[in-house]
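Trainee: My structure is below; once you've seen it, I'll send some questions.
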Amino acid sequence: MARVTFYSGEAVPLEMHKVRIVQKLALVPIERRLAAISEAGNNTFLLKNRDIFLDMLTDSGVNAMSDKQLAAMMESDDSYAGSATFTKLENKIKELFNKDYFLPVHQGRAAENIIARVFVTPGSVVPMNYHFTTTKAHIMLNGGVIEELIVDEGLQVNSTHPFKGDLNITKLRALIAQRGAGNIAFVRIETGTNLIGGQPHSLENIRQVRAVCDEFGLLLVLDASLLADNLYFIKTREAGCKDMSIRAITRELSDLSDIIYFSARKLGCARGGGICTSSKDAFMKMRELVTLYEGFLTYGGMSVREIEAITVGLDETMDEDMISQGPIFIEYMVNELARQGVPVVTPAGGLGCHLNALQFLPHVPQTQYPAGALASALYLAGSVRGMERGTISEQRDENGKETLANMELLRLALPRRVFTLSQLKYAIDRIVWLYKNRDLVGGLVFVEEPKLLRFFFGKLKTTSDWHSKLVAKFRADLGDSL
Ligand code: F0G
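Start counting at 1 in the sequence shown, then tack on 495, and there's your number in our numbering.
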């Protein structure tokens, strides 16, 4: 891949696009931020956009769109059935993934609902590299269980393994021997494993998973929501793939999978989703559920404008310049923070930069939610909104005991092509300031705790008056700066 090298030797992630539509941002003073995060119960999901400067909550549905995507949206063919716009997307899926059948859905979790309803039966098992929250919920809702078979390095916050998202083949064979192939609903691979730092899998690993699936007659389902980043990592980190085109890598990944589904809020930089397969049998089983839950087969709950944008967005995903933009900005942020001693997940992955809250706030016990406390503190320090990916994102067990998360991460997502380098430098500056003042940060305790998906709506309070101490230190160090 051609990368621009700076004469100065500095590693600068260079934008291979120019910005032609902008949105004005507000940066409110820290005193307002204190009020806002208190009103939000220290839950960044409950903050209002007007109080946020850099929104790093997610990359979902908020990636920058291209001029060509916007242009395509103007000429969409709106009809309930038989829309020409839908045919364009179907053809693009066939071109890129070589799958005969395509089912549209309104977003990724809708695909998960349909796949789980068709293939998961009570007592069945779904082995996977790692779960995503909504995936696991749909599998469990249908009476199944998940088994995470990630390579050991996947759960090590710091490692040099280039593919921490790989599935451990020995563990897969052991699981099949233990549970029996007949009890396995399907094997699921998540590209760019979301919850463990956006870490990729290799193409070679999927070849090996396929061989095991063939041996035991198992279906292989690929969650391709984070495919764009993963393609970039296969191309740049996997020696055997460096001479392959992005299209060829995509095609081989697809040929190795029986069913592919994706959230087009991530893949394709629009809003929607889809499922594709070459199995007529699987298609026929899923088809009726699409009409039941999503809409007719030529829109599946999506607006035609979004369908046009997805078609162009998927095509643009085959462009190395385009897919490099997320990962090289993330790499810059991760490396810069690591250089300044801030604990982050390494190596840099896709999706975003992940702060390791257990090491950032070692004095905050896991039962006082270090990743949640860090999310609250960073909003206060810089009006940067991240997402807690730790114990708050878990659920209590049936006895009400906390399920402590494997990792306590604060995810700072970088929606693709949205932030500039100076904005990243600002975020890094505030994170470093916070790290230097980490002793001031305390824990959180729930005041309102919903039973289901508590991380979305739950409200928490600080265990002491650490918020006001942090505000006072900010003023002492940074004067009247916003
Ligand atoms: N699979 C993966 C790997 C995802 O990251 C997501 C969404 C989904 C499925 C569900 O897709 O949101 O369109 O229904 N991840 C978002 C995030 C929500 O913020 O990481 P969806």
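Glycine included, C-beta positions come from ideal geometry on N, C-alpha and C.
Pull up the CB-CB distance for F728 and P822, whole angstroms please, since I reckon it's below 8 Å.
Mentor: What you label residue 728 is simply residue 233 of the sequence shown in a count that begins at 1. What you label residue 822 is simply residue 327 of the sequence shown in a count that begins at 1. Going by Cβ atoms, the distance from F728 to P822 rounds to 7 Å, so yes, they are a contact pair.
Trainee: Just checking D724 against ligand 1 - is the residue's beta carbon closer than 7 Å to any of the ligand's heavy atoms?
Mentor: Position 229 of the sequence shown, counted from the start, is the residue given in the question as residue 724. D724 Cβ: outside cutoff for every heavy atom of ligand 1.
Trainee: Can you check whether the CB of I825 is closer than 8 Å to the CB of G767?
Mentor: Along the sequence shown, read from residue 1 onward, the residue named residue 767 stands at position 272. Along the sequence shown, read from residue 1 onward, the residue named residue 825 stands at position 330. Against a cut-off of 8 Å, the Cβ pair of I825 and G767 comes out as no contact.
Trainee: Examine the Cβ distances between the stretch 739-758 and the stretch 599-615 and report whether three or more of them are shorter than 8 Å.
Mentor: Touching, yes, given that three or more Cβ pairs across the two stretches are closer than 8 Å.
Trainee: How many Å lie between K583 and T886 at the Cα?
Mentor: Position 88 of the sequence shown, counted from the start, is the residue given in the question as residue 583. Position 391 of the sequence shown, counted from the start, is the residue given in the question as residue 886. Their backbone Cα atoms lie some 43 Å apart in a straight line.
Trainee: Would you call the CB atoms of R527 and D546 closer than 8 Å?
Mentor: To locate residue 527, count along the sequence shown from 1; it is residue 32. To locate residue 546, count along the sequence shown from 1; it is residue 51. Closer than 8 Å, so yes.
Trainee: To which residues does DSSP link D718 through a beta bridge?
Mentor: Taking the first residue of the sequence shown as 1, we reach residue 718 at position 223. DSSP output for D718 lists E685, Y756 as bridge partner(s).
Trainee: In its own chain, which residues sit with a C-beta less than 8 Å from the C-beta of L667, not counting the 5 before and 5 after it?
Mentor: Residue numbering aside, residue 667 sits at position 172 when the sequence shown is read from its first letter. Answer for L667: P622, L644, V682, V704, V707, listed in chain order.
Trainee: Could you check which residue in L762, E801, I754 has the C-alpha nearest to that of K780?
Mentor: As a position in the sequence shown, residue 780 is number 285, starting the count at 1. Nearest C-alpha to K780: I754.
Trainee: Within the same chain, show all residues whose beta-carbon is closer than 8 Å to that of T898, passing over the 5 residues directly before and after it, in chain order.
Mentor: For the purposes of this step, residue 898 is identified with residue 403 of the sequence shown, where counting begins at 1. Same-chain partners within the cutoff: T886, E889, Q890, R891, D892.
Trainee: Please state whether the Cβ-Cβ distance between Y827 and P508 is less than 8 Å.
Mentor: Start at 1 with the first residue of the sequence shown, and residue 827 comes out as number 332. Start at 1 with the first residue of the sequence shown, and residue 508 comes out as number 13. Contact: yes.
Trainee: Any idea what DSSP makes of C708, helix, strand or coil?
Mentor: One-based indexing of the sequence shown puts residue 708 at position 213. Of the three classes helix, strand and coil, the one that applies to C708 here is helix, per DSSP.
Trainee: Output the boundary residues of the alpha helix (DSSP H) element that contains A908.
Mentor: Taking the sequence shown and counting its residues from 1, the one referred to as residue 908 is at position 413. Note, A908: premise wrong, no alpha helix (DSSP H); beta strand (DSSP E) at 904-908.
Trainee: Using CA atoms only, rank isn't needed, just tell me which of L792, F969, G895 is closest to A872.
Mentor: Looking up residue 872 in the sequence shown gives position 377. Out of L792, F969, G895, F969 has the C-alpha closest to the C-alpha of A872.
Trainee: Is S888 near ligand 1, in the sense that its beta carbon is under 7 Å from a heavy atom of that ligand?
Mentor: For this step, residue 888 is matched to residue 393 along the sequence shown. Because no heavy atom of ligand 1 lies under 7 Å away, the Cβ of S888 does not count as near it: no.
Trainee: DSSP on K543, reduced to helix/strand/coil?
Mentor: Working through the sequence shown from its first residue, we reach residue 543 at position 48. The answer is coil: DSSP assigns K543 none of H, G, I, E or B.
Trainee: Please classify G844: is it buried, with 16 or more other beta-carbons within 10 angstroms of its beta-carbon, or exposed?
Mentor: By 1-based counting over the sequence shown, the position of residue 844 is 349. The residue in question, G844, is buried, as its Cβ has 16 or more Cβ neighbours within 10 Å.
Trainee: In the DSSP output, what is G768 paired with across the bridge?
Mentor: As a first step, residue 768 is located in the sequence shown; it is residue number 273 there, counting from the start. According to DSSP, which records beta bridges pairwise, G768 is partnered with V600, S758.
Trainee: What are the start and end residues of the beta strand (DSSP E) that includes R884?
Mentor: For the purposes of this step, residue 884 is identified with residue 389 of the sequence shown, where counting begins at 1. Its beta strand (DSSP E) spans residues 882-884.
Trainee: At which residues does the beta strand (DSSP E) containing G623 begin and terminate?
Mentor: For the purposes of this step, residue 623 is taken as the residue at position 128 of the sequence shown. First, the residue type needs correcting, since residue 623 is Met and not Gly in the sequence shown. Start and end: 620-623.
Trainee: Shorter than 8 Å from the beta carbon of P695 to some beta carbon of chain C?
Mentor: Within the model displayed, chain C is absent; a lone protein chain is all it includes.
Trainee: For G847, report the span of its alpha helix (DSSP H) as first-last.
Mentor: To locate residue 847, count along the sequence shown from 1; it is residue 352. Run containing G847: none in the alpha helix (DSSP H); it sits in the beta strand (DSSP E), 847-851.
Trainee: So what does DSSP say about N700, is it helix, strand or coil?
Mentor: On the sequence shown, residue 700 is found 205 positions in, with the first residue counted as 1. Residue state, collapsed to three classes: helix.
Trainee: Determine the extent of the alpha helix (DSSP H) in which I634 is found, giving its start and end residues.
Mentor: For this step, residue 634 is matched to residue 139 along the sequence shown. 628-636 is the span of the alpha helix (DSSP H), which, as asked, contains I634.
Trainee: Let me know the secondary structure DSSP gives K954 once reduced to three states.
Mentor: Position 459 of the sequence shown holds residue 954. In the structure shown, K954 sits in a strand (DSSP, three-state: E or B).
Trainee: Determine whether the beta carbon atoms of A531 and L542 lie at a separation below 8 Å.
Mentor: Counting from 1 along the sequence shown, the entry for residue 531 is found at position 36. Counting from 1 along the sequence shown, the entry for residue 542 is found at position 47. Their beta carbons are under 8 Å apart, which means A531 touches L542 by this criterion.
Trainee: Looking at the structure shown, is I532 part of a helix, part of a strand, or coil, going by DSSP?
Mentor: Looking up residue 532 in the sequence shown gives position 37. Helix, per DSSP.
Trainee: Just the Cα atoms here: how many angstroms apart are D750 and G504?
Mentor: For the purposes of this step, residue 750 is identified with residue 255 of the sequence shown, where counting begins at 1. For the purposes of this step, residue 504 is identified with residue 9 of the sequence shown, where counting begins at 1. Spanning the two alpha carbons is a distance of roughly 41 Å.
Trainee: Would you say the beta carbon of S798 is closer than 7 Å to some non-hydrogen atom of ligand 1?
Mentor: Locating residue 798 in the sequence shown gives position 303, where the first residue counts as 1. No, the beta carbon of S798 sits no closer than 7 Å to any heavy atom of ligand 1.
Trainee: Return the residue from the list C771, H858, H849, G836 that minimises the CA-CA distance to N593.
Mentor: The count along the sequence shown starts at 1 and reaches residue 593 at position 98. Ranking C771, H858, H849, G836 by Cα distance to N593 puts C771 first.
Trainee: Is N689 a contact residue of ligand 1, with contact defined as CB to any heavy atom under 7 Å?
Mentor: Taking the sequence shown and counting its residues from 1, the one referred to as residue 689 is at position 194. Flag set: Cβ of N689 near ligand 1.
Trainee: Kindly identify the DSSP beta-bridge partner or partners of I641.
Mentor: Counted from its first residue, the sequence shown places residue 641 at position 146. For I641, which the question treats as bridged, DSSP gives the partners V621.
Trainee: Can you grab the Cα-Cα spacing for the pair R884 / I609, in whole Å?
Mentor: As a first step, residue 884 is located in the sequence shown; it is residue number 389 there, counting from the start. As a first step, residue 609 is located in the sequence shown; it is residue number 114 there, counting from the start. When rounded, the distance between both Cα atoms is 26 Å.
Trainee: Using DSSP bridges, identify the partner residues of E653.
Mentor: As a position in the sequence shown, residue 653 is number 158, starting the count at 1. A small correction: the amino acid at residue 653 is Asn; Glu does not occupy that position in the sequence shown. Partner(s): T841.
Trainee: Please state the DSSP three-state secondary structure of I802.
Mentor: Taking the sequence shown and counting its residues from 1, one reaches residue 802 at position 307. Looking at I802 - three-state DSSP - the assignment turns out to be helix.
Trainee: Is it true that the CB of L762 sits closer than 8 Å to the CB of T841?
Mentor: As a first step, residue 841 is located in the sequence shown; it is residue number 346 there, counting from the start. As a first step, residue 762 is located in the sequence shown; it is residue number 267 there, counting from the start. Cβ atoms of T841 and L762: not closer than 8 Å.
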